[in-house]
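**Student:** Please read through the structure below; I'll follow up with questions.
In my numbering, the protein residues as written are 3 to 589.
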């Protein structure tokens with residue numbers, strides 16, 4: 003118990019990184035149990051307990067789900083869903099978030115909430131990149147809503163099934179799928195407003211490198227025959243444009259095939275404008291050549307920012323006279339001039355003859371080797387933050403792999419660990435995710451945190467700490483009213499589930515609740531439901547449930563973010579559910 007409290011304190015203080023605290027906890031358990039082994043165990047058994055988390059199926063599942071999520075992102079498979087949600091968020095941010103929360107809640111009632119979060123996380127990360135609510139303000143509420151929905155049925159989470167199974171073994175009649183759903187739905191009417199309106203305000207915008215990407219690039223928008231601009235007047239397309247995109251010149255009449263108009267915008271804005279308007283911001287032959295070569299070599303197309311240095315031969319030249327496309331097979335998508343803004347009254351600049359100068363930033367698209375050759379030969383400096391162009395040719399394949407894996411797990415044909423691992427392997431074999439890019443999908447922080455939480459959970463159970471807590475709880479409940487007994491059991495199980503695991507909480511809590519009901523002469527079912535609900539109140543720490551881990555890296559959350567938003571939600575649910583149980587069962 004002392005180790006658990008110290009580790010929790012260090013996590014919340016955030017003075018030492020989570021990775022270091024996690025590894026220290028594992029090391030202390032290993033060394034401590036070697037010199038002071040548990041009863042009826044050998045010193046080497048402590049090593050197995052301490053390091054068992056690194057081979058645990060829960061960690062394998064989380065890593066496999068991260069890989070599959072990465073496959074959806076790099077292939078652009080979620081863009082249609084992201085665009086739909088983007089339209090909703092443009093109408094109203096709060097309305098969009100509420101729709102997402104309700105969707106996550108009801109899906110999790112019939113489908114295990116882990117696959118639901120796996121599908122929703124990449125969508126909302128993509129939305130955040132496109133300027134909707136930051137991922138750090140949406141993923142935590144989404145996770146809480148899915149956990150709330152998973153609580154509502156006996157099949158919502160694997161923990162619910164475990165509690166019901168243990169209760170049946172103890173002599174209770176089996177509960178139906180929707181046996182206690184009305185109680186959870188009533189409690190949700192209190193909890194969802196907090197999740198929707200309050201929780202996002204308690205979370206910071208954790209978007210890394212805020213302000214990066216605000217650089218505005220000037221380029222030429224070309225109107226091909228397939229463009230949505232053809233035949234339309236300028237006023238007709240203004241509403242279609244992204245916020246950070248603008249036309250620096252406008253046609254006298256309707257847009258026509260072959261026009262080249264000066265435009266400006268951020269990288270994201272230019273990308274979105276090209277998608278919406280079906281235009282081009284680089285010569286079509288260059289873009290086609292890059293994409294054909296990428297397809298033939300099985301490589302990824304990248305878009306990078308490059309700075310013109312003092313030694314570059316490009317200084318004083320225009321893009322037309324630089325020969326960049328012919329020499330290297332890369333396409334310059336735009337130019338940013340940081341020190342002297344472009345003067346659009348200059349005849350040369352107005353007609354696209356922009357001369358490059360030291361310090362100019364080029365937005366360049368191409369394959370890795372060609373980009374490297376361009377940087378080395380023409381003395382340009384590549385900046386950090388290169389992006390991969392989505393491999394849309396594999397989008398349907400990645401989506402199919404994900405939905406089949408999730409579907410098999412959802413209907414119970416395969417455990418989530420096997421289904422997700424099989425899906426991750428298929429992502430590799432089909433090229434949706436490259437083997438050398440796995441590091442971008444996985445989070446080292448999450449991996450060591452999961453391993454440490456599994457080790458601590460086993461230590462709490464095997465050392466007898468959980469049983470000791472249960473006995474202490476039983477001694478103090480005899481003088482409390484029924485609502486107090488339910489709240490105490492729920493809080494006890496909640497503490498176990500947030501610091502050990504759901505399985506530990508269910509395994510320890512269910513027999514204790516059954517015994518307390520018999521001892522105090524109370525009906526058994528509401529006390530068993532108090533255990534079931536407590537097992538699902540895993541909002542307060544990232545180690546409480548695997549979906550908490552999944553959102554940690556994507557939302558760039560700290561341990562204290564879970565405590566700040568989760569503890570109030572736990573208290574709301576404990577009070578509400580205790581009252582509803584007493585009222586429903588007339589205790």
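For glycine and all other residues, C-beta sits at the position ideal for the given N, C-alpha and C.
When you compare the CB of residue 304 with every CB in chain C, is at least one pair closer than 8 Å?
**Tutor:** The chain labelled as chain C is not found in the depicted structure, where only one protein chain is given.
**Student:** Closest to residue 493 by C-alpha separation, out of 454, 535, 526 and 528, would be which residue?
**Tutor:** The option with the nearest alpha carbon to residue 493 is 535.
**Student:** Please list, in chain order, all residues of the same chain as residue 461 whose beta carbon is under 6 Å from its beta carbon, the five residues on each side excluded.
**Tutor:** If we look at residue 461 and ignore the five residues flanking it on each side, its Cβ neighbours are 31.
**Student:** Considering only the alpha carbon of each residue, which of 272, 561 and 422 lies closest to residue 336?
**Tutor:** The option with the nearest alpha carbon to residue 336 is 272.
**Student:** Is the beta carbon of residue 68 sitting closer than 8 Å to the one on residue 407?
**Tutor:** In this structure, residue 407 does not lie closer than 8 Å to residue 68 by Cβ.
**Student:** Could you tell me which whole beta strand (DSSP E) segments of length 3 or greater appear in the segment 221-249?
**Tutor:** The segment 221-249 contains these whole beta strand (DSSP E) runs: 247-249.
**Student:** Out of 513, 475, 383 and 325, which has the shortest C-alpha to C-alpha gap to residue 313?
**Tutor:** With distances taken between Cα atoms, residue 313 lies closest to 383.
**Student:** Could you give the residue range of the beta strand (DSSP E) that holds residue 262?
**Tutor:** It spans 262-267 - the beta strand (DSSP E) in which residue 262 sits, taken as one unbroken run.
**Student:** Locate the alpha helix (DSSP H) running through residue 367, then write down its first and last residues.
**Tutor:** First-last for residue 367: 363-368, but that is the beta strand (DSSP E), not the alpha helix (DSSP H).
**Student:** Reducing DSSP to helix, strand and coil, say where residue 413 ends up.
**Tutor:** Coil at residue 413, not helix or strand.
**Student:** Restricting to Cα atoms, I'd like to know which of 264, 275 and 309 is closest to residue 241.
**Tutor:** For the residues 264, 275 and 309, the minimum Cα distance to residue 241 belongs to 275.
**Student:** Under a Cβ-count criterion, where at least 16 other Cβ atoms within 10 Å of its own Cβ denotes burial, should residue 175 be classed as buried or exposed?
**Tutor:** Result: exposed.
**Student:** Just the Cα atoms here: how many angstroms apart are residue 89 and residue 97?
**Tutor:** Near 11 Å, if we compare the C-alpha coordinates of residue 97 and residue 89.
**Student:** Measuring CA to CA, which of 177, 291, 574 and 29 is closest to residue 55?
**Tutor:** With distances taken between Cα atoms, residue 55 lies closest to 29.
**Student:** Curious, which full-length alpha helix (DSSP H) runs of at least 4 residues does the segment 129-184 contain?
**Tutor:** Complete alpha helix (DSSP H) runs here, min 4: 137-152 and 160-171.
**Student:** For residue 574 versus residue 193, is the C-beta spacing smaller than 8 Å?
**Tutor:** Result yes, Cβ atoms of residue 574 and residue 193 sit closer than 8 Å.
**Student:** Using 8 Å for Cβ pairs, my map puts residue 484 next to residue 524. What's the rounded Cβ distance?
**Tutor:** 6 Å between Cβ atoms; contact.
**Student:** Can you name the residues that DSSP bridges to residue 383?
**Tutor:** Per DSSP, 309.
**Student:** So what's residue 447 in DSSP terms, helix, strand or just coil?
**Tutor:** Helix, per DSSP.
**Student:** Would a C-beta distance cut-off of 8 Å place residue 451 and residue 62 closer than the cut-off?
**Tutor:** Not a contact, by the Cβ cut-off of 8 Å.
**Student:** Would you mind sorting residue 59 into buried or exposed? The rule is 16 or more other CB atoms within 10 Å of its CB.
**Tutor:** By the neighbour-count rule (16 or more Cβ atoms within 10 Å), residue 59 is not buried but exposed.
**Student:** What's the call for residue 559, buried or exposed, on a 16-neighbour Cβ count within 10 Å?
**Tutor:** Its Cβ being crowded by 16 or more others within 10 Å, residue 559 is buried.
**Student:** Under a three-way DSSP split, which group does residue 330 fall into?
**Tutor:** Residue 330: helix per DSSP, three-state reduction.
**Student:** For the alpha helix (DSSP H) containing residue 526, name the first residue and the last one.
**Tutor:** That run of the alpha helix (DSSP H) goes 526-538.
**Student:** With which residues is residue 430 paired in a DSSP beta bridge?
**Tutor:** Residue 430 is not bridged to any residue.
**Student:** Let me confirm a value: residue 304 is counted as buried when at least 16 other C-beta atoms fall within 10 Å, else exposed. Which label applies?
**Tutor:** Its Cβ being crowded by 16 or more others within 10 Å, residue 304 is buried.
**Student:** Please state whether DSSP places residue 522 in a helix, a strand or coil.
**Tutor:** Helix, per DSSP.
**Student:** Mapping DSSP to helix, strand and coil, what is residue 418?
**Tutor:** In the structure shown, residue 418 sits in a helix (DSSP, three-state: H, G or I).
**Student:** Helix, strand or coil, according to DSSP, for residue 647 in the structure here?
**Tutor:** Residue 647 is absent from the structure shown; the chain starts at 3 and stops at 589.
**Student:** Less than 8 Å separating the beta-carbons of residue 500 and residue 543?
**Tutor:** Taking 8 Å as the Cβ cut-off, residue 500 and residue 543 qualify as a contacting pair.
**Student:** How about residue 298 and residue 369: are their beta carbons less than 8 Å apart?
**Tutor:** No.
**Student:** Pop quiz: residue 224 and residue 248 are said to be a contact at Cβ under 8 Å. What is the actual Cβ separation, rounded to whole angstroms?
**Tutor:** Wrong, their Cβ atoms sit about 17 Å apart, outside the cutoff.
**Student:** Would you tell me roughly how many angstroms separate the C-alpha atoms of residue 190 and residue 76, rounded to the nearest one?
**Tutor:** One C-alpha to the other measures close to 36 Å.
**Student:** Which class does residue 280 belong to by DSSP, given the choice of helix, strand or coil?
**Tutor:** Coil.
**Student:** Report buried or exposed for residue 73, applying the criterion of at least 16 other Cβ atoms within 10 angstroms of its Cβ.
**Tutor:** Buried: at least 16 other Cβ atoms inside 10 Å.
**Student:** In chain order, which beta strand (DSSP E) runs of at least 3 residues are fully inside the segment 464-505?
**Tutor:** The segment 464-505 contains no whole beta strand (DSSP E) run of 3 or more residues.
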